[in-house]
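Peer 1:
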Amino acid sequence: MFEIIVKKELAPNVKLIEVKAPLIARKALPGQFVILRVYEKGERIPLTIAEKNIETESITIVFQEVGKTTKLLGKLRVGDKISDIVGPLGNPSEIERFGVVIGVGGGVGIAALYPILKGLKEKGNYVISIIGGRSANYVIFREEIEKISDEIYVTTDDGSLGRKGLVTDVLKEILEKRKIDRIWAVGPTIMMKVVSDLTKAYHVPTIVSLNPIMVDGTGMCGGCRVTVGGKIRFTCVDGPEFDGHLVDFDELLTRLKTYKDEETLALRLFEE
Ligand code: FAD
Ligand code: FES
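Okay, structure coming up:
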């Protein structure tokens, strides 16, 4: 059992929990994730490790309440326990000294981008961050990202914070003027697709962190299958990061909707 030691609401329906998990905290590296079950018979869901704390032997998870399991997780309080957490899973991000890097984060993906940018900064890269959300309330982890960035740009759809518009508007302007060595994009699938389409034209290597449906997290079930460069890849063991220029995003977007009816029903029954 894994005890929740900190809980915060970061934005409407976006929560942060810090969970005691000594073995995972010791091993976790940027880009990795866990699969957890809130209770013994619950669904297994993957969530990114946003931070680890060796002193408190804990990991931080930031999640958006989108359906039954994330809503259930959001109801837990400090002192409550999560039935099981498996991890760290997935391959760590390739953290090297590339030169000038850009991190593009959208919504809850900003928290997942944070450990990657922190690692890149520690390696001596010049870090430019572009983070965005629907409105000011939804731009999470701004202070944390600011601390590890050489430059930070914030966008909101409604202009309530930073610049009105999309993260890709700022990205395009930067790509027009400067030489960028590598880009990471973490956020909604559609955002990662648009970023990848844009950076392809400028020939800048772009890494995306994919979020398909996962079940076992060990490469056995095939649930997280994606097509990258025409080849089948399993996100849980071959990813979660891939070359954005090679990902078949249209297939991924379609596959994400596979269980829409079941998910809607599960949420309705849960809320009744
Ligand atoms: P449901 O109603 O079941 O589903 C809502 C939507 O979430 C679905 O339409 C589907 O697109 C997606 N989804 C459903 N079940 C799964 C599943 N088992 N695996 C993956 N996606 C699913 N979300 C965060 O908020 N924070 C994170 O840090 C985060 N990290 C992730 C890391 C990885 C490697 C992956 C693959 C996904 C990550 N997600 C993250 C997405 C998160 O797992 C889903 O939002 C969650 O599983 C939804 O479950 P639900 O029962 O609440 O919603
Ligand atoms: Fe089953 Fe990846 S989650 S193969």
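In case it helps, my numbering puts the sequence shown at residues 95 to 366.
For each residue, glycine too, the CB sits at the ideal point set by N, CA and C.
Remember, it's a predicted structure, so these values are computed and weren't measured experimentally.
Is lysine 162 near the ligand FAD, going by C-beta to nearest heavy atom under 6 Å?
Peer 2: Residue 162 sits at position 68 when you count from the first residue of the sequence shown. Relative to the non-hydrogen atoms of the ligand FAD, the Cβ of lysine 162 comes within a distance shorter than 6 Å of at least one.
Peer 1: Which residues in the same chain have their Cβ closer than 6 Å to the Cβ of glutamate 134, if we skip the five residues on either side of it in sequence?
Peer 2: Looking up residue 134 in the sequence shown gives position 40. Cβ neighbours of glutamate 134 beyond the five flanking positions: Ser177.
Peer 1: To the nearest angstrom, how far is it from the Cα of isoleucine 189 to the Cα of glutamate 365?
Peer 2: The residue you call residue 189 lines up with position 95 of the sequence shown. The residue you call residue 365 lines up with position 271 of the sequence shown. Roughly 42 Å separates the two Cα atoms.
Peer 1: Given a cut-off of 7 Å, decide if valine 302 and phenylalanine 286 are closer than it, judged by their beta-carbon atoms.
Peer 2: In the sequence shown, the residue the question calls residue 286 occupies position 192. In the sequence shown, the residue the question calls residue 302 occupies position 208. Residue identity check: residue 286 is methionine in the sequence provided, not phenylalanine. Their beta carbons are under 7 Å apart, which means methionine 286 touches valine 302 by this criterion.
Peer 1: Beta-carbon within less than 6 Å of glutamate 112's beta-carbon, same chain only, minus the 5 sequence neighbours each way: which residues are those?
Peer 2: As a first step, residue 112 is located in the sequence shown; it is residue number 18 there, counting from the start. Cβ within range, chain order: Ile99, Val100, Ser152 and Thr154.
Peer 1: In the DSSP output, which residue or residues are listed as bridge partners for alanine 279?
Peer 2: Against the sequence shown, residue 279 aligns to sequence position 185. Alanine 279 is bridged to Val198 and Val302.
Peer 1: If we ignore side chains and look at the alpha-carbon of each, how far apart do glycine 181 and tyrosine 220 end up?
Peer 2: Locating residue 181 in the sequence shown gives position 87, counting from the first residue. Locating residue 220 in the sequence shown gives position 126, counting from the first residue. If you take the alpha carbons of glycine 181 and tyrosine 220, they lie about 30 Å apart.
Peer 1: Give the straight-line distance between the Cα atoms of isoleucine 210 and leucine 363, rounded to the nearest whole angstrom.
Peer 2: Residue mapping note: residue 210 aligns to position 116 of the sequence shown, counting from 1. Residue mapping note: residue 363 aligns to position 269 of the sequence shown, counting from 1. So the two alpha carbons sit approximately 38 Å from each other.
Peer 1: Checking 7 Å against the spacing of the C-beta atoms, do phenylalanine 157 and threonine 164 come in under that value?
Peer 2: Residue mapping note: residue 157 aligns to position 63 of the sequence shown, counting from 1. Residue mapping note: residue 164 aligns to position 70 of the sequence shown, counting from 1. Taking 7 Å as the Cβ cut-off, phenylalanine 157 and threonine 164 qualify as a contacting pair.
Peer 1: Does any heavy atom of the ligand FAD sit closer than 6 Å to the C-beta of glutamine 126?
Peer 2: If you number the sequence shown from 1, residue 126 lands on position 32. It does not: the Cβ of glutamine 126 is nowhere closer than 6 Å to a heavy atom of the ligand FAD.
Peer 1: Kindly indicate the opening and closing residues of the beta strand (DSSP E) around leucine 130.
Peer 2: Here residue 130 corresponds to residue number 36 of the sequence shown, with the count starting at 1. Counting along the chain, the beta strand (DSSP E) containing leucine 130 begins and ends at 127-131.
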